[in-house]
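Heads up: the structure comes next, in structure tokens.
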Amino acid sequence: MAATDSSTSPDLPKPIGPPPANLGPPPGPTPASGAPTSGAKEAFKLAPVTPAPVKSASAPTSGQPASAMLPKRYPYAQPLPSREIREVSPAAPAVRPTTRLVSLDAYRGFVMLAMISGGFGFARIVRDHQEVLQQHAGTTLGRFWPQLWNTLAYQFEHVSWVGCSFWDLIQPSFMFIVGAAIPFAESRRKAEGHFWIRRFLHAVLRCVILILLGVFLSSNSGPQTNFTFVNVLTQIGLGYMVVWVLCNRGWWLHLAVIAAILGGYWWWFFQYAPKPAERDDVIAYRQTINPKDGSARAGPLAEKDWDQFTGLAAHWNKHTNAAADFDRKYLNVFPRHEKPWKDKQFWVNDGGYQTLNFVPSIATMIFGLMAGQLLFRRRETPFSNFRWLFLGGIVCILVAMAVDTTVWPDALRRLIPQATWTFGPAVKRIWTPTWTVYSAGWAMVIFALFYGVIDGWGWRKLAFPLAVVGLNSIAIYCLAQLIKPWTAATLKFHAVAIGKAAGYDFWGRAVSDNFYGPFWESLLVLCVLWLICVWMWWRKIFIRI
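Per this note's numbering, the sequence shown starts with residue 94, numbered consecutively.
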């Protein structure tokens, strides 16, 4: 998606792709490549990158190619051929040379593969085939087998309202990556001679395209255009300009904006109280109508569908919060396909997601922006960068845990049973301030691990299976939204035909008649989409916005 601009050029030699061409001299003297350090820092030592010569209209330069000056131990860190930059007045601006942050591509690819995997069907297996839990009963393996499957089912599905699973971290991770990519994208455009107004217009156009694309994908297979803005693309598009304006600003300003956004959003929710009549209407609607298609519900819902909390936390209950009230007022302005109920077509989002989630998610992207600027400026050693990222993530997690005990691990809750306070619950579906800080902390920790292994230790070959997906994230996202069901149906169609010809029912034994079938089906579809990304990379096809 928009985050694919973390790099500088799609012209990548195999197998991963190099850093971008160094398009201009650094602002100061080029640092000499000193002697290698010792200890842990030596393991994180990156190869020095020598700026490629910049061709000037007045005084062309010549010299040894930068690729010849790189150590042989980094065969996949070769720069691209330098590009000619037109001299503007009186000379081309000096732009800091950049290297491709392969760890960011790999992290993005990891997030996208997790998303399109559909959770590998773990939750569906446990829900529909309880016999899997008793498969090894009476054996040593059977002692922890049920716990293993219950854990997989929980981690690969969204939590019902409060709390966090691995699956819930996919969207905040991608938004974090969007912010981290901005400094690298802006540097490339500056190096190509784009003035501020051109970069500004490009950012505005990107926002518009993301919003329209998100609405288009949300309307897939619907009766008409579905004007909903909770899709990850629309959420990024609605908040991207704020983050773009903050690029290359100081960390103190970033923290001040984060505090203002999250503090103001918390206060807005806290002071809101739904009118009794409107609350009763929301409950009646939820009890009688299915928001997905407007059909009547087969049976009543449990009270926990709208009353998850009491006391202070009740301001963040599902469907009766400030952001839900905003959507009831303004989403009905758009043409809708839902059947009217009491003079309104839109009443609630079935999952509780709200349009104004983009406001606190701006803070998520700013956290990513801070991480991206830290790595782009390269003022510290790679080991120090890893340490700052990792510790920053841990601090965010601890701050969120201090505010809300609902995100505490079960072991910690058992150790301190008196810890039941919350000043704002961690709810991903309405992107509460606590959730914003908590999820950004985890995103920072995971990114630190990717950075340390791939760009720190230099194990870039390991990144290839993930990076080819991260380089085409907008393409893989659209493919996952549009052709996943078709891919599964086509695989089944051909597998059944081959099975009949061979006299062996491949699909039936592996998928249809096997309670592990959802896992194998998800894995096969994932492999097909991954191979499409490999083909696009091989053909140098990169879809960017």
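All C-beta atoms, glycine included, are put in the ideal place defined by N, C-alpha and C.
If you draw a 10 Å sphere on the C-beta of Val-496, you find 16 or more other C-beta atoms in it, and that means buried. Pairing Thr-515 with Thr-457 gives a Cβ-Cβ distance that is not under 9 Å. With 16 or more other CB atoms across the displayed protein chains lying within 10 angstroms of its CB, Phe-277 is buried. Within the region 255–292, the complete alpha helix (DSSP H) segments of 4 residues or longer fall at 263–284, listed in chain order.
Straight-line spacing of the CA atoms in Leu-394 and Thr-381 works out to 9 Å. DSSP places Lys-437 in the strand class (E or B) of the three-state scheme. The beta carbons of Trp-399 and Asn-383 sit about 15 Å from each other, so the pair does not count as a contact at 8 Å. The Cβ atoms of Leu-194 and Tyr-544 sit closer than 9 Å to each other.
Excluding sequence positions up to five before and after Ala-533, its CB lies within less than 7 Å of the CB of Pro-265, Phe-269, Thr-457, Phe-460 and Cys-489, all in the same chain and listed in chain order. Judged by DSSP in its simplified three-state form, Ile-490 adopts helix.
Under the Cβ criterion (8 Å, minimum of three pairs), the region 320–338 counts as touching the region 440–455. Taking C-beta atoms as the reference points, Ile-539 and Tyr-247 fail to come closer than 9 Å.
DSSP lists no bridge partner for Ala-406.
The C-alpha of Gly-563 lies about 43 Å from the C-alpha of Ala-366. The closest CA to that of Trp-613, considering only Leu-262, Tyr-333, Leu-584 and Asn-565, is found on Leu-584. Here the region 313–325 does not lie against the region 288–299, with fewer than 3 beta-carbon pairs under 8 Å apart. Within its own chain, the residues whose Cβ lies closer than 6 Å to the Cβ of Gln-317, once the five positions on either side in sequence are excluded, are His-430, listed in chain order. Considering only Val-627, Asn-319 and Ala-464, the residue with the shortest C-alpha distance to Ser-566 is Val-627. Leu-616 sits away from Phe-203, with the two beta carbons spaced by 9 Å or more. Listed in chain order, the non-local C-beta contacts of Trp-600 below 7 Å within the same chain comprise Lys-585, Ala-588, Val-589 and Gly-592, local neighbours out to five positions each way being set aside. DSSP lists no beta-bridge partner residue for Asp-400.
Spatial neighbours of Ile-304 in its own chain (CB-CB distance under 7 Å, excluding positions within 5 residues in sequence) are listed in chain order as Thr-327, Gly-330 and Leu-331. In the structure shown, Thr-580 falls within a helical segment according to DSSP collapsed to helix, strand and coil. Out of Val-561, Val-271, Val-297 and Ala-536, the CA that lies nearest to the CA of Met-629 is found in Val-561. Arg-480 and Ala-541 have their C-alpha atoms some 8 Å from each other. A residue is called buried when at least 16 other Cβ atoms come within 10 angstroms of its Cβ; Phe-237 does not meet this threshold and is exposed. In the pairwise beta carbon analysis, the region 415–427 is classified as touching the region 349–369: at least three pairs are separated by under 8 Å. Within the region 539–569, the complete alpha helix (DSSP H) segments at least 4 residues long are 557–563, listed from N- to C-terminus. DSSP places Tyr-609 outside any alpha helix (DSSP H), giving it a letter other than H or E. Residue state for Ala-366 is assigned as coil, using DSSP reduced to three classes. In this structure, the alpha-carbon of Ala-353 lies about 13 Å from that of Ser-454.
Runs of the alpha helix (DSSP H) lying entirely within the region 485–529 and spanning at least 4 residues, in chain order: 503–508. Our two residues, Cys-571 and Thr-525, have alpha carbons roughly 28 Å apart in a direct line. In this structure, Val-271 is the residue among Gln-240, Thr-244 and Val-271 with its C-alpha nearest to the C-alpha of Met-537. In the DSSP assignment, Phe-320 falls outside any alpha helix (DSSP H), carrying neither H nor E. The closest CA to that of Tyr-358, considering only Leu-619, Thr-527, Ser-253 and Lys-422, is found on Thr-527.
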